[in-house]
Every structure is written in structure tokens, then in C-alpha cells.
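A.B. asks: This is the structure I have questions about; it appears just below.
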Amino acid sequence: MFDIQMNENNEILISGRFDAAQVKTAEAFFGRIQTTCRVNLSRLEYISSAGLGVLLGAQKNLKDEGHQLILSHLNDHIRDIFTWARFDIIFKIE
Amino acid sequence: MEKAFPKDIQSLKSIYRFIQRFTGQNRLDPSWNNILNLILEELFVNTVKYNPGSSGDVRIRLDACSDRIVMTLEAVNVDPFDITRTEPFDISKHYQSMRRGGLGIPLVKHLVDDIRYQYNEETRSSTLTLIRHLEGQHVRHSNERKQ
Chain A
15 MFDIQMNENN EILISGRFDA AQVKTAEAFF GRIQTTCRVN LSRLEYISSA GLGVLLGAQK
75 NLKDEGHQLI LSHLNDHIRD IFTWARFDII FKIE
Chain B
141 MEKAFPKDIQ SLKSIYRFIQ RFTGQNRLDP SWNNILNLIL EELFVNTVKY NPGSSGDVRI
201 RLDACSDRIV MTLEAVNVDP FDITRTEPFD ISKHYQSMRR GGLGIPLVKH LVDDIRYQYN
261 EETRSSTLTL IRHLEGQHVR HSNERKQ
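Right under this line is the structure:
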């Protein structure tokens with residue numbers, strides 16, 4: 015089950031499976047983000063290229079305004095995908 | 141195992157459950173769920189996205205051989221698109237344009253060892269066969285003894 019929300023630490027928490035069916039929900043959420051935010055991926059079980067595209071789009075929009083998403087708490091599967099996708103070029107990953 | 145899925149993004153949940161049944165029956169490590177799902181989701185979503193309003197299901201077949209998994213996707217009423225002939229992918233150049241799409245097919249090619257594509261002009265149907273080797277893990281069938 016996919017969920018995306020801001021937690022009490024002002025972190026974006028993405029959990030569950032981020033596949034193509036979740037793109038609209040995620041885009042609507044990121045469309046409201048206007049400042050630098052940490053994205054806690056500790057509960058993200060799966061992400062497909064559709065999800066990668068949403069993150070990339072959000073990052074581009076934020077960077078155009080001098081802000082960014084900072085990604086953190088990647089599990090092994092997510093880290094493998096992000097490594098392949100060279101997300102280290104685009105994102106700060108903690 | 142084989143199953144037909146309507147050409148709808150909402151089929152992704154059913155596809156994932158289908159994959160879980162397959163890996164469970166063949167006693168594959170659960171990490172294969174995500175690998176197979178990545179491959180099949182990308183191809184299924186492209187079929188839906190680039191053939192809007194097209195009737196007919198996408199049939200997915202998964203076979204576990206001793207050292208490989210064979211994935212077959214058959215779709216009817218689709219335009220031809222041979223993913224074996226897409227341009228080589230350079231991720232750094234891709235990010236220079238900050239394009240948000242375009243990662244799906246390169247990801248599929250990264251995750252599989254072989255791809256075959258066939259298209260039938262008469263029936264407007266495509267068949268994609270993908271092979272992923274099991275890299276040291278072998279499929280254990282129910283009639284094999286553990287060592």
C-alpha cells in the first residue's frame with residue numbers, strides 16, 4: 015500500500031510500493047512542496063521508473079527555485095535502483 | 141504460470157500478486173519479486189500508455205527453468221515497438237536534459253540477460269520474451285530434495 019506524507023519532523027515519508035499507479039498521487043503531493051525537504055525512504059519497499067520520474071520532476075522544479083529534495087534511509091533494493099539510475103548525480107543521498 | 145491482465149494501470153496490483161505466487165511456488169528468494177515486478181511493470185505500462193483505448197488483454201507467462209526465469213508478454217491490438225532496437229542509453233546525457241521519462245526500457249535491459257521481440261502485422265500482436273539468469277540460485281521444484 016502506497017502512502018506519501020509529511021511527518022512530524024518535516025520530512026517527507028514515502029512508504030509502500032511506488033509504481034505507475036501512484037504517479038498522480040505523488041505528483042499532487044510534490045506539487046505542494048516549495049522548499050528543501052528530506053525524503054525518508056525507510057519504508058519504501060519498491061520503486062519503478064515511474065516513481066523515479068516523479069522524484070526527478072520534483073527535484074527539477076525545486077532546483078529551479080534554489081531548493082532540493084535530500085533522500086535518506088534507502089534499503090538495499092532502493093539503493094540498487096538509485097545506483098543504477100545514478101541518482102547521486104541529481105540528488106544528495108544521505 | 142500464465143495469466144491475462146486488462147490493459148489498465150490498475151492491473152499492476154494483480155500482476156504483483158501473480159509474481160508473488162510464481163516466486164512462492166518456485167521457492168525463489170523474495171527479492172525476486174521486486175526484480176520481476178520492475179521488468180514486467182515497465183513493459184506492461186508502456187503497452188498501456190502507447191496503445192490508449194486498445195482492446196484485449198496482455199498475457200503474461202512466467203516459467204522457471206533450472207538456471208533461469210523466462211518471462212513472456214503477449215499483447216494484441218498494439219502498434220509495433222521493438223525494444224531490442226532502442227538507442228543506447230547514456231544516463232549522464234539523459235540527466236542533462238532532466239527529462240523525467242525514458243528510464244523504463246534501459247532499466248529493463250539492465251535487469252535481463254536476453255530479449256526477443258516478435259510482431260505479427262496481421263493480428264497486430266506482439267510477443268516479448270525475456271530471460272533472466274538466476275546467478276547461482278537454482279529453481280527448486282517441489283519434487284527435489286534439499287541438500
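Protein chains in written order, with my numbering: chain A, 15 to 108; chain B, 141 to 287.
Note that beta-carbon positions come from the ideal geometry of N, C-alpha and C, so glycine has one too.
Using Cβ-Cβ distances below 8 Å, what residues of the stretch 20-48 of chain A are close to chain B?
C.D. replies: So the list reads Arg-31, Asp-33, Ala-34, Ala-35, given in the order they occur along the chain.
A.B. asks: Could you tell me which chain A residues have their CB closer than 8 Å to the CB of Leu-152 of chain B, listed as they occur along the chain?
C.D. replies: Reading the second sequence from its first residue, position 12 is the one you call residue 152 of chain B. The answer, in chain order, is Asp-33, Ala-34, Ala-35.
A.B. asks: From the DSSP output, which residues share a beta bridge with Cys-51 of chain A?
C.D. replies: Locating residue 51 of chain A in the first sequence gives position 37, counting from the first residue. According to DSSP, Cys-51 of chain A bridges with A:Leu-83.
A.B. asks: Using a C-beta to C-beta distance shorter than 8 Å, which residues of chain A count as neighbours of Glu-182 of chain B?
C.D. replies: In the second sequence, residue 182 of chain B corresponds to position 42, counting from 1. The contacting residues are Ser-62, Ser-63.
A.B. asks: If you follow the beta strand (DSSP E) that Ser-146 of chain B is in, where does it begin and where does it stop?
C.D. replies: Residue 146 of chain B sits at position 6 when you count from the first residue of the second sequence. It should be noted that the sequence gives Pro, not Ser, for residue 146 of chain B. Taken as a continuous stretch (DSSP letters only), the beta strand (DSSP E) holding Pro-146 of chain B covers 142-146.
A.B. asks: Could one say the Cβ of Arg-272 of chain B lies closer than 8 Å to chain A's Cβ atoms, at least one of them?
C.D. replies: Residue mapping note: residue 272 of chain B aligns to position 132 of the second sequence, counting from 1. Arg-272 of chain B does not count as touching chain A.
A.B. asks: Locate the alpha helix (DSSP H) running through Asp-90 of chain A, then write down its first and last residues.
C.D. replies: Here residue 90 of chain A refers to the residue found at position 76 when the first sequence is read from its first residue. Unbroken alpha helix (DSSP H) run through Asp-90 of chain A: 90-98.
A.B. asks: Assign Asp-17 of chain A to one of three DSSP states: helix, strand, or coil.
C.D. replies: For the purposes of this step, residue 17 of chain A is taken as residue 3 along the first sequence, with counting starting at 1. Strand.
A.B. asks: Just confirm the distance between the C-beta atoms of Gly-65 of chain A and Asp-33 of chain A, as a whole number of angstroms; I'd bet it's less than 8 Å.
C.D. replies: Along the first sequence, one-based indexing puts residue 65 of chain A at 51. Along the first sequence, one-based indexing puts residue 33 of chain A at 19. With a Cβ gap of about 7 Å, Gly-65 of chain A and Asp-33 of chain A count as contacting.
A.B. asks: Leaving out the 5 sequence neighbours to the left and right, which residues in its chain are closer than 6 Å to Asp-102 of chain A when beta-carbon positions are compared?
C.D. replies: Counted from its first residue, the first sequence places residue 102 of chain A at position 88. The answer is none, since no qualifying residue turns up.
A.B. asks: Label Gln-287 of chain B either buried or exposed according to how many other C-beta atoms from any shown protein chain fall within 10 Å of its C-beta, with 16 as the threshold for buried.
C.D. replies: In the second sequence, the residue the question calls residue 287 of chain B occupies position 147. Because Gln-287 of chain B carries a pLDDT of 40, less than 50, the predicted location of this residue cannot be relied on, and the following value inherits that uncertainty. So Gln-287 of chain B ends up on the exposed side.
A.B. asks: From the DSSP secondary-structure annotation, give me the bridge partner or partners of Arg-161 of chain B.
C.D. replies: Residue 161 of chain B sits at position 21 when you count from the first residue of the second sequence. For Arg-161 of chain B, which the question treats as bridged, DSSP gives no partner whatsoever.
A.B. asks: Please state the DSSP three-state secondary structure of Asp-78 of chain A.
C.D. replies: What you label residue 78 of chain A is simply residue 64 of the first sequence in a count that begins at 1. Here Asp-78 of chain A sits in helix by DSSP.
A.B. asks: Count the C-beta pairs between the stretch 176-183 of chain B and the stretch 55-70 of chain A that are closer than 8 Å, then say yes if the count reaches three, no if not.
C.D. replies: Yes, the stretch 176-183 of chain B touches the stretch 55-70 of chain A.
A.B. asks: What separation, rounded to the nearest whole angstrom, lies between the Cα atoms of Leu-27 of chain A and Ile-47 of chain A?
C.D. replies: By 1-based counting over the first sequence, the position of residue 27 of chain A is 13. By 1-based counting over the first sequence, the position of residue 47 of chain A is 33. The alpha-carbon atoms of Leu-27 of chain A and Ile-47 of chain A are separated by roughly 13 Å.
A.B. asks: When you check each C-beta in the stretch 90-104 of chain A against every C-beta of chain B, which residues fall closer than 7 Å?
C.D. replies: Answer set for the stretch 90-104 of chain A: His-91, Trp-98, Ala-99, Arg-100, Ile-103, Ile-104.
A.B. asks: Interface residues of chain A around Ser-232 of chain B at Cβ under 8 Å?
C.D. replies: Here residue 232 of chain B refers to the residue found at position 92 of the second sequence. Those are Arg-100, Ile-103, listed as they occur along chain A.
A.B. asks: Any idea if Gln-36 of chain A is buried or exposed, counting beta-carbon neighbours within 10 angstroms, 16 or more meaning buried?
C.D. replies: Within the first sequence, numbered from 1, the residue matching residue 36 of chain A stands at position 22. Per the 10 Å Cβ criterion, buried.
A.B. asks: With distances taken from CA atoms, which of B:Asp-230, B:Glu-214, B:Phe-229, B:Asp-254 is nearest Asn-186 of chain B?
C.D. replies: By 1-based counting over the second sequence, the position of residue 186 of chain B is 46. Answer by Cα proximity: B:Glu-214.
A.B. asks: Helix, strand or coil for Phe-101 of chain A? Go by DSSP, reduced to three states.
C.D. replies: Locating residue 101 of chain A in the first sequence gives position 87, where the first residue counts as 1. Note: Phe-101 of chain A maps to helix in three-state DSSP.
A.B. asks: For Gly-30 of chain A, which beta-bridge partners are listed by DSSP?
C.D. replies: Stepping through the first sequence from its first residue, residue 30 of chain A is reached at position 16. In DSSP, Gly-30 of chain A forms a bridge with A:Leu-58.
A.B. asks: My output table needs one value for Glu-214 of chain B: the three-state DSSP class, helix, strand or coil.
C.D. replies: Locating residue 214 of chain B in the second sequence gives position 74, counting from the first residue. Glu-214 of chain B falls in the strand class under three-state DSSP.
A.B. asks: Measuring alpha carbon to alpha carbon, tell me which of B:Asp-230, B:Ser-154, B:Asn-260, B:Ile-271 ends up nearest Asp-254 of chain B.
C.D. replies: In the second sequence, residue 254 of chain B corresponds to position 114, counting from 1. Out of B:Asp-230, B:Ser-154, B:Asn-260, B:Ile-271, B:Ile-271 has the C-alpha closest to the C-alpha of Asp-254 of chain B.
A.B. asks: So the candidates are B:Ile-200, B:Lys-189, B:Leu-247; which of them puts its Cα closest to the Cα of Thr-267 of chain B?
C.D. replies: Taking the second sequence and counting its residues from 1, one reaches residue 267 of chain B at position 127. Answer by Cα proximity: B:Ile-200.
A.B. asks: Please classify Pro-246 of chain B: is it buried, with 16 or more other beta-carbons within 10 angstroms of its beta-carbon, or exposed?
C.D. replies: In the second sequence, counting from the first residue as 1, residue 246 of chain B sits at position 106. That one is buried.
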